[in-house]
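Q: Here it is, the structure in full.
2 protein chains.
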Amino acid sequence: MGSTLAMVGATGAVGRELIAVLEEREFPVDELRLLASPRSAGTEIPFRGEALRVEVLSEERLAGCDTVFFSAGGDTSLEWAPRAVAAGAVVIDNSSAFRYEDYVPLVVPEVNPEAALKHQGIIANPNCTTILLVVALGPLHAIAGLVQVTVATYQAASGAGAQAMEELRSQAAAILAGEEPQVSCFPQPIGFNLFPHIDRFLPEEDFATKEEMKVVWESRKIFGLPNLQAISTCVRVPTFRAHSEAVFCSFERELSVADARAALKAAPGVRVVDDPLAGRYPTPREAEGIDDVLVGRIRPDPTRDRGLSLFLSGDQLRKGAALNAVQIAELLQ
Amino acid sequence: MGSTLAMVGATGAVGRELIAVLEEREFPVDELRLLASPRSAGTEIPFRGEALRVEVLSEERLAGCDTVFFSAGGDTSLEWAPRAVAAGAVVIDNSSAFRYEDYVPLVVPEVNPEAALKHQGIIANPNCTTILLVVALGPLHAIAGLVQVTVATYQAASGAGAQAMEELRSQAAAILAGEEPQVSCFPQPIGFNLFPHIDRFLPEEDFATKEEMKVVWESRKIFGLPNLQAISTCVRVPTFRAHSEAVFCSFERELSVADARAALKAAPGVRVVDDPLAGRYPTPREAEGIDDVLVGRIRPDPTRDRGLSLFLSGDQLRKGAALNAVQIAELLQ
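Residue numbers (my numbering), protein chains in the order written: chain A, 77 to 409; chain B, 77 to 409.
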């Protein structure tokens, strides 16, 4: 069965990756409508050998759609997603606008696919850092029961959009040339630098960033563990499009490294890269452009009961955003 | 009182920083002998307006020295440090060769200065990551009693030496030009990449890296807490010369964020940079070239009893190596 799809935010980093993923996975599409702000309208983007012209987002262009992907930021989703639903579409929203609403499923297909079927028109795609984390922890939680998780992240420029990736490039070039880096997308220079500041600071959460709380809130919702003990420190680093995470966690039941590795090897969406003596462990460079989350450095965490530590890398634009959204759409077919 | 100093490994990244720190701090020096391998001999390095010529390391040149700084790697220290001691010098060793010997004090002057006075000829300068960590945790341990610490690091290229910094530069330039990065010092490309692999993997320590175990072993020794629960994941990132660390820790006694901040503000060697709403938190860019360890993002860690989280950045070559070594020498004066 083919379908009519629309994509709001088609010219952004995630939008372009969505188009690539739809092509690669041969998602059944009769018509694909690329929608964006008036500023981006008129841009041509290739899809299955055709040049599709980006149109201005409007109620008319949402009418008749089966599925609408939103990746144009929270404000656009808040304003337009309900209209798309009212026009009969299912919305798969990449923003955080609806993620914490009880009536909106938050879905990572490898972990909680059943949740997608309970939607009331909107399904939320989780935050990229959360997706990568729960893909790795899901198989371990399934056999041992997750109790606590501590995460420090290494997040790529792509998480802040296509312009941010360009800013990393131009700042690095400036610094190599002995010039001052020009800051525009980011709160700090990112070229040869890093900073623990992604999304805004929340005074009501002890000045954690919203990104850090997304990891906590969303992991709880996806796993159905409202009391999961979780903390994260989220750090932007000068890589282009793959995030990494140093993870320390503990479980209800004993979980040996061998059992953890076996569960991860058998899990969908995970590639175990864990042969340190051969120089094999996850890196963003190896994770760029691929679908799987790379998991390695699996070892005991002796500082806590039934503790385990691991390191992961995953493409922020693919599994962290576009691929997960398309997988959700596939669940609905 | 002036003295005769020698520096073994004078042409390396740490050696050059040592010379700069001796100048800046007006360390009393009658004679400074710069020693290195035959390959580097003949190089001229300025010190207090004079061009000092690097000489080949030999027993003759160690004779008559009061203090000898070693920063030429573990093998050189193992071979030559005992000879320097036999010749009457006190050795301050920047390698890990003697750090874990009971008879060798491991000293961070802000934390355990008294240990320096108990030396038997060799005093070890801790690993850079450990130094930065204990400078930040020392004042908190003093008032609340450290129980557990989890660290994920963001370590600069300088930790692998001067050539490694150049390799980061040349790889970044290659990638910006669309070329393949050439790898020589590092186990993986570092330009726009990162990897959890610093020093070698230790099969007997569940495949932790030696760097990761240094943080554990050395923190225990410096704090005099042989049972301290500690784990670290050490990651090389594409910054030039400042390390950062995401730290999660817990204490024996209650420690409010306000009390932690007050203790850190009063502590030597620490600069509290913690006003997130004003965009103020530690970054490697701000830490480069300065003496203090920047500490910020101080907040509760609700996942553990009496838990606290913080983020720090510190210059790896200064407080992480050269400055700490000179401060040790100052303790002995």
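By construction, the Cβ of each residue, glycine as well, lies at the ideal position given by its N, Cα and C atoms.
Taking only beta carbons into account, state which residues of the stretch 254 to 284 of chain B come closer than 7 Å to chain A, listed in chain order.
A: Within the stretch 254 to 284 of chain B, PRO263, GLN264, PRO265, PHE268, ASN269, LEU270, PHE271, PRO272, HIS273, PHE277, ASP282, PHE283 and ALA284 place their CB atoms closer than 7 Å to a CB of chain A, listed in sequence order.
Q: From A/ILE307 to A/GLU280, what distance separates their C-alpha atoms?
A: 15 Å
Q: Taking Cβ positions only, does A/LEU252 come closer than 8 Å to chain B?
A: yes
Q: Excluding the 5 residues preceding and the 5 following B/GLY383 in the sequence, name in chain order all residues of the same chain whose CB lies nearer than 6 Å to its CB.
A: SER326 and ASP377
Q: Would you mind telling me which residues of chain A sit closer than 9 Å to B/VAL183, beta carbon to beta carbon, in chain order?
A: Simply none; closest approach about 25 Å.
Q: Do B/GLY141 and B/ALA160 have their CB atoms nearer than 8 Å?
A: Per the sequence shown, the amino acid found at residue 141 of chain B is Cys instead of Gly. Yes, the Cβ-Cβ distance between B/CYS141 and B/ALA160 is below 8 Å.
Q: For B/GLU190 and B/PHE123, I'd like the C-alpha separation in whole angstroms.
A: 30 Å
Q: Below 8 Å on the Cβ atoms is my guess for B/PRO215 versus B/VAL90; work out the distance and round it to an integer in Å.
A: Not confirmed; about 26 Å, so no contact.
Q: Since B/LEU128 contacts B/TRP156 with CB under 8 Å, what's their CB separation in whole angstroms?
A: So it is not a contact: roughly 19 Å between Cβ atoms.
Q: In the structure shown, what three-state DSSP assignment does A/VAL323 receive?
A: strand
Q: Taking only runs that begin and end inside the stretch 93 to 140 of chain B, name each unbroken alpha helix (DSSP H) of 4 or more residues, in chain order.
A: Counting whole runs of 4 or more residues, the stretch 93 to 140 of chain B contains the alpha helix (DSSP H) stretches 135 to 138.
Q: By the criterion of Cβ-Cβ separation under 7 Å, what are the contact partners of A/PHE146 in chain B?
A: Chain B residues near A/PHE146: none, gap ~29 Å exceeds 7 Å.
Q: Count the C-beta pairs between the stretch 184 to 200 of chain A and the stretch 323 to 342 of chain A that are closer than 8 Å, then say yes if the count reaches three, no if not.
A: no
Q: Is it the case that the stretch 268 to 286 of chain A contacts the stretch 338 to 354 of chain A, given that we only count it when at least three CB pairs across the two stretches are under 8 Å?
A: no
Q: Give me the Cβ distance between B/GLN403 and B/PRO185, rounded to the nearest whole Å; I'm assuming they're in contact under 8 Å.
A: Cβ-Cβ separation between B/GLN403 and B/PRO185: approximately 4 Å, consistent with a contact (criterion under 8 Å).
Q: Is B/GLN196 helix, strand or coil when you go by DSSP?
A: coil
Q: Chain B partners of A/GLN224, CB-CB under 7 Å?
A: THR379
Q: What are the boundary residues of the alpha helix (DSSP H) that includes B/ARG159?
A: 150 to 162
Q: According to DSSP, is A/ILE366 part of a helix, a strand, or is it coil?
A: Here DSSP, grouped into helix, strand and coil, assigns A/ILE366 to coil.
Q: To the nearest angstrom, report how far apart B/ALA212 and B/GLY221 are at their CA atoms.
A: C-alpha separation (whole angstroms): 13 Å.
Q: Assign A/MET77 to buried or exposed, taking buried as 16 or more other Cβ atoms, counted over all protein chains shown, within 10 Å of its Cβ.
A: Confidence at A/MET77 is low in this model, with a pLDDT of 49, below 50, so the placement of that residue should be treated as unreliable; the coordinate-derived value is given next. So A/MET77 ends up on the exposed side.
Q: Between which two residues does the alpha helix (DSSP H) carrying B/PHE299 extend?
A: 286 to 299
Q: Looking only at its own chain, which residues have a Cβ that is under 8 Å from the Cβ of A/GLU256, when we skip the five neighbours before and after it?
A: ALA250
Q: Cutting at 6 Å between CB atoms, please list the residues of its own chain near B/VAL259, excluding the five before and the five after it.
A: PRO265
Q: Can you give the beta carbon distance from A/SER147 to A/GLY88, rounded, assuming they're within the 8 Å contact cut?
A: 6 Å
Q: Quick one: grab the DSSP three-state call for A/ARG329.
A: coil
Q: Around the C-beta of A/GLN409, are 16 or more other C-beta atoms found within 10 angstroms, so that it is buried, or is it exposed?
A: exposed
Q: Nearest by alpha-carbon distance to B/LEU110: which of B/THR119, B/GLU99, B/ALA96 and B/MET83 is it?
A: B/MET83
Q: By a C-beta neighbour count over all protein chains shown, 10 Å radius and 16 as the cutoff for buried, is A/PRO358 buried or exposed?
A: buried
Q: List the residues that DSSP assigns as beta-bridge partners of A/GLN305.
A: A/GLN224
Q: Whole alpha helix (DSSP H) runs in the stretch 212 to 282 of chain A with 4 or more residues, listed along the chain?
A: DSSP runs (the alpha helix (DSSP H)) wholly in the stretch 212 to 282 of chain A: 238 to 252.
Q: Can you pull the DSSP bridge partners for B/LEU386?
A: DSSP lists B/VAL323 as the bridge partner or partners of B/LEU386.
Q: Indicate whether at least one CB of chain B lies closer than 8 Å to the CB of A/GLY355.
A: Closer than 8 Å: yes.
Q: Using the DSSP secondary-structure output, state which residues sit across from B/ARG347 in a beta bridge.
A: B/LEU370
Q: Using a Cβ-Cβ distance under 8 Å, would A/VAL369 count as near chain B?
A: No, because no Cβ of chain B sits closer than 8 Å to the Cβ of A/VAL369.
Q: Does the Cβ of B/ASP151 have 16 or more other Cβ atoms within 10 Å, making it buried, or fewer, making it exposed?
A: Exposed: under 16 other Cβ atoms inside 10 Å.
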